[in-house]
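Asker:
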Amino acid sequence: MTQLILQSAVSGLLVGGMYGLVALGLALAFGVLKVLNVAHGELLMLGGYASFFAFTLWGIDPFLSLPLVFIALFLFGVFLYQILFRYVTRFEIDNRIKNSLLISFGLVIVLQALAVRFFTADERTISTSYSSDAFTIGLVRIPVVRLAGFVVAVIAAVALEWLLNRTRFGRAVRATAEDWTRAALTGVDVKWVYMIAFGISAGLAGIAGSMISFGYAVSPSIGLGWTLKALVVVVLAGLGSMRGILLAGMFLGLTEALAAVWVGGAYREVVALVVFLIVMSFRPEGFFGRARA
Amino acid sequence: MLAVDGLEVAYGDLQVVWGVSFEVPENSIVAILGSNGAGKTTTLTSLIGLIPPLAGEVTFKGASLVGMPTHRLVELGIVMIPEERSTFSTMSVSDNLELGAYTPRARASKDETMDEVYSLFPVLAERRTQRAGTLSGGERQMLAIGKALMARPELLILDEPSLGLAPIVVERTFEAITDIRDRGVSVLMVEQHVEMTLEVADHAYILELGRIVADGTSSQLADDPRVREAYLSL
Numbered sequence: 005m006t007q008l009i010l011q012s013a014v015s016g017l018l019v020g021g022m023y024g025l026v027a028l029g030l031a032l033a034f035g036v037l038k039v040l041n042v043a044h045g046e047l048l049m050l051g052g053y054a055s056f057f058a059f060t061l062w063g064i065d066p067f068l069s070l071p072l073v074f075i076a077l078f079l080f081g082v083f084l085y086q087i088l089f090r091y092v093t094r095f096e097i098d099n100r101i102k103n104s105l106l107i108s109f110g111l112v113i114v115l116q117a118l119a120v121r122f123f124t125a126d127e128r129t130i131s132t133s134y135s136s137d138a139f140t141i142g143l144v145r146i147p148v149v150r151l152a153g154f155v156v157a158v159i160a161a162v163a164l165e166w167l168l169n170r171t172r173f174g175r176a177v178r179a180t181a182e183d184w185t186r187a188a189l190t191g192v193d194v195k196w197v198y199m200i201a202f203g204i205s206a207g208l209a210g211i212a213g214s215m216i217s218f219g220y221a222v223s224p225s226i227g228l229g230w231t232l233k234a235l236v237v238v239v240l241a242g243l244g245s246m247r248g249i250l251l252a253g254m255f256l257g258l259t260e261a262l263a264a265v266w267v268g269g270a271y272r273e274v275v276a277l278v279v280f281l282i283v284m285s286f287r288p289e290g291f292f293g294r295a296r297a
Numbered sequence: 033m034l035a036v037d038g039l040e041v042a043y044g045d046l047q048v049v050w051g052v053s054f055e056v057p058e059n060s061i062v063a064i065l066g067s068n069g070a071g072k073t074t075t076l077t078s079l080i081g082l083i084p085p086l087a088g089e090v091t092f093k094g095a096s097l098v099g100m101p102t103h104r105l106v107e108l109g110i111v112m113i114p115e116e117r118s119t120f121s122t123m124s125v126s127d128n129l130e131l132g133a134y135t136p137r138a139r140a141s142k143d144e145t146m147d148e149v150y151s152l153f154p155v156l157a158e159r160r161t162q163r164a165g166t167l168s169g170g171e172r173q174m175l176a177i178g179k180a181l182m183a184r185p186e187l188l189i190l191d192e193p194s195l196g197l198a199p200i201v202v203e204r205t206f207e208a209i210t211d212i213r214d215r216g217v218s219v220l221m222v223e224q225h226v227e228m229t230l231e232v233a234d235h236a237y238i239l240e241l242g243r244i245v246a247d248g249t250s251s252q253l254a255d256d257p258r259v260r261e262a263y264l265s266l
């Protein structure tokens, strides 16, 4: 029993790292542009396929293609911003959320349909020579590729936090997130910040997809499930801390895994959502969010 | 330096500024006075590029500003402090000042300007690492002015700098504004505090229901019986 609990806890934390990684990009777009992009999971799905085809067609190792996938999805994000989300950011904040929901739901349908058309509905996984490698610590077996995904998530969170807190561009992003008018009055080109932030958000989704097609699996319909997890994580963490988002992701993953052991696999998500509701009723601003004044 | 000619601004169907014209010469403090709802803030918001005007021309050193995005004006040296101040409450005092020097023209002299700002407002140096949101109203005002100075402005625009401040802080703010003018920065300010403003301003305009109804040097206006009756309650 101890072995089962420990093994589940570790698997839960590892998958929770992926929840966190997916949530980072979603939180960035929401925090800065006030755009709720429910097609974030579809961007992840595209990143997964990019990584999968780079490996199966050209034999590029998923770790090597990671920067390329980031750049490709960054550019795709910039493209989506220019043709769609740019128009949403002209609205007042409240209307941005509603309008971005409608637009991104449309995007979900289009991207899924295109993925089925071009990539087929089959589930795919990248299998390299080391894909099934694992090592054992005590009673727990840790698959190498899943650990790698977790490490990538940690690196992404730390890098994003560094970018936001230590660079001139990061200060401009935080200023825009707090109040775009004041940011403009400070000399920040708000539209440019929006575009780059949305690009980074999409790039992060791409990286997440890449690690998911490697440690888990990718198919045209995986997007929405990951988006929903990420939404729960963002609300759980509260906006403002990237490290907090990663920790909230791990918390959700761990809760689900332990629920599967103690309550039964069928109830893992139900239990996780009940825990989520309990947390929200005691700390509506999230674990790491600042209470609204 | 700044010339506004026949500015007309509307929110949707509701026009609030009707053909407003004024000028800010170099090295001077110009005030726009008027009661609530006279269109003062709207005039500023429009000339800074946040609301496109219906008609009229705004020029800075001869170049038109109409249609230019706000951040480009900051690059030209026009910096505005809005009514609710322009500090970022989630950021530290030093991050706010750092961000003030965002434009390339300001970045070159960032460290010197920061020293100047700290010597002008020593309390900001003490509160360097504190979040701006935890400052008092007066300190926030100083930070807002300090942050604006970090941008190395040639024209500083202030919307109701006295709003919500204790009288002693208002006095210090107005002293700082005079000081800034003496350093060679032109100032355009909008105020309801007519008496105090006329003491520091070189030239003032009176705005009523979206139209300029009187203008002159501060001493001319202070002696004008209509102004005395309507605004100075003398």
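Chains as they are written, first to last, in the numbering used here: chain A, 5 to 297; chain B, 33 to 266.
Cβ coordinates follow ideal geometry from the N, Cα and C atoms, glycine included.
Against chain B, does A:E96 count as a neighbour if the rule is that its beta carbon must be under 8 Å from one of theirs?
Answerer: Chain B, which has no Cβ nearer than 8 Å to the Cβ of A:E96, makes this no.
Asker: Does A:R296 come out as helix, strand or coil in the three-state DSSP assignment?
Answerer: Residue placement at A:R296 is flagged as unreliable, the pLDDT there being 48, under the threshold of 50; the coordinate-derived value follows with that caveat. DSSP places A:R296 in coil when its eight states are reduced to three.
Asker: Pairs of beta-carbons, one from the segment 144-151 of chain B and one from the segment 226-239 of chain B, closer than 8 Å: are there three or more?
Answerer: Result no; under three Cβ-Cβ pairs closer than 8 Å.
Asker: Using CA coordinates, which residue listed in B:E115, B:S121, B:G109, B:L97 is at the minimum distance from B:Y134?
Answerer: Among B:E115, B:S121, B:G109, B:L97, the Cα nearest to that of B:Y134 is on B:G109.
Asker: Between the alpha carbons of A:A76 and A:G35, how many angstroms are there, rounded?
Answerer: Each residue's Cα considered, the two are about 23 Å apart.
Asker: By Cβ distance, which residues of its chain are closer than 6 Å to A:V267, with the 5 residues on each side in sequence left out?
Answerer: Hits under 6 Å: V275.
Asker: Once DSSP output is grouped into helix, strand and coil, what is the label at B:Y43?
Answerer: In the structure shown, B:Y43 sits in a strand (DSSP, three-state: E or B).
Asker: For B:T166 and A:V156, what's the separation of their Cα atoms in angstroms?
Answerer: Going by the C-alpha atoms only, they are around 36 Å apart.
Asker: In angstroms with no decimal places, state the Cα-to-Cα distance between A:L40 and B:A70.
Answerer: Straight-line Cα distance between these residues: approximately 38 Å.
Asker: Am I right that B:W50 and B:G196 are in contact with their C-beta atoms under 8 Å? What's the rounded C-beta distance?
Answerer: Not confirmed; about 29 Å, so no contact.
Asker: So B:D127 contacts chain A; which residues on that side make the cut at Cβ distance below 7 Å?
Answerer: What B:D127 touches in chain A: R175.
Asker: From A:A212 to A:R150, what does the alpha carbon distance come to, in whole angstroms?
Answerer: Near 12 Å, if we compare the C-alpha coordinates of A:R150 and A:A212.
Asker: Taking contact to mean at least 3 C-beta pairs separated by less than 8 Å, is the segment 191-210 of chain A in contact with the segment 75-93 of chain A?
Answerer: Touching, per the Cβ criterion.
Asker: Are three or more beta carbon pairs between the segment 175-191 of chain A and the segment 118-134 of chain A nearer than 8 Å?
Answerer: Taking 8 Å as the limit for Cβ pairs, the verdict is that the segment 118-134 of chain A does not touch the segment 175-191 of chain A.
Asker: For a test of the three-state rule: what should DSSP assign to B:T73, helix, strand or coil?
Answerer: Helix at B:T73.
Asker: List, in chain order, every chain B residue whose beta-carbon is nearer than 9 Å to that of A:E182.
Answerer: Those are F120, S121, T122, M123, listed as they occur along chain B.
Asker: Quick one: is B:D191 buried, meaning 16 or more other Cβ sit within 10 Å of its Cβ, or exposed?
Answerer: Answer is buried; the Cβ neighbour count reaches 16.
Asker: Start and end of the alpha helix (DSSP H) containing B:G88?
Answerer: Note, B:G88: premise wrong, no alpha helix (DSSP H); beta strand (DSSP E) at 87-92.
Asker: If you follow the beta strand (DSSP E) that A:T190 is in, where does it begin and where does it stop?
Answerer: First-last for A:T190: undefined, no H or E at that position.
Asker: Please state if the CB of A:T129 and the CB of A:A54 are separated by a distance shorter than 8 Å.
Answerer: No, these two residues do not count as a Cβ contact at 8 Å.
Asker: Per DSSP, which residues does B:G248 bridge with? Please list them.
Answerer: Answer by DSSP bridge pairing, in chain order: B:A236.
Asker: What does the alpha-carbon distance come out to for the pair A:L250 and A:E165?
Answerer: Rounded to the nearest angstrom, the two C-alpha atoms are 11 Å apart.
Asker: I need the straight-line Cα distance from B:L79 to A:R121, nearest angstrom please.
Answerer: Those two C-alpha atoms are separated by around 52 Å.
Asker: Going by other Cβ atoms of all chains shown within 10 Å of its Cβ, with 16 needed for buried, is A:L68 buried or exposed?
Answerer: It is exposed - the Cβ of A:L68 has fewer than 16 other Cβ atoms within 10 Å.
Asker: To the nearest angstrom, report how far apart A:A270 and A:E260 are at their CA atoms.
Answerer: Cα to Cα, the separation comes out at about 10 Å.
Asker: Measure the CB-CB distance between B:L103 and A:G203 and report whether it falls below 8 Å.
Answerer: Sequence inspection shows His at residue 103 of chain B; the Leu mentioned does not correspond to that position. Result no, Cβ atoms of B:H103 and A:G203 do not sit closer than 8 Å.
Asker: Quick one: measure Cβ to Cβ for A:D126 and A:S12, integer angstroms, because I've assumed they're closer than 8 Å.
Answerer: A:D126 to A:S12, Cβ: 29 Å. No contact.
Asker: Spatial neighbours of A:R90 within its chain, please: CB distance less than 8 Å, with the 5 preceding and 5 following residues excluded, ordered by chain position.
Answerer: Once the five neighbours on either side are set aside, the close Cβ partners of A:R90 are K195, Y198, M199.
Asker: Using a 10 Å radius around the Cβ and a threshold of 16 neighbouring Cβ atoms, would you call B:Y263 buried or exposed?
Answerer: Buried: at least 16 other Cβ atoms inside 10 Å.
Asker: What are the uninterrupted segments assigned as beta strand (DSSP E) that are 3 or more residues long and contained completely in the segment 188-231 of chain A, given in chain order?
Answerer: The segment 188-231 of chain A contains no whole beta strand (DSSP E) run of 3 or more residues.
Asker: Terminal residues of the continuous beta strand (DSSP E) containing B:T122?
Answerer: Segment: none, B:T122 is in no beta strand (DSSP E) and carries neither H nor E.
Asker: Excluding sequence positions up to five away, which residues of its chain have a Cβ less than 6 Å from the Cβ of A:G210?
Answerer: G51, V73, F74, L77, listed in sequence order.
Asker: B:D127: buried (16+ other C-beta within 10 angstroms of its C-beta) or exposed?
Answerer: That one is buried.
Asker: Quick one: grab the DSSP three-state call for A:G45.
Answerer: Note: A:G45 maps to helix in three-state DSSP.
Asker: When you compare only the Cα positions, how much space is there between A:L18 and A:A179?
Answerer: The straight-line gap from Cα to Cα measures roughly 33 Å.
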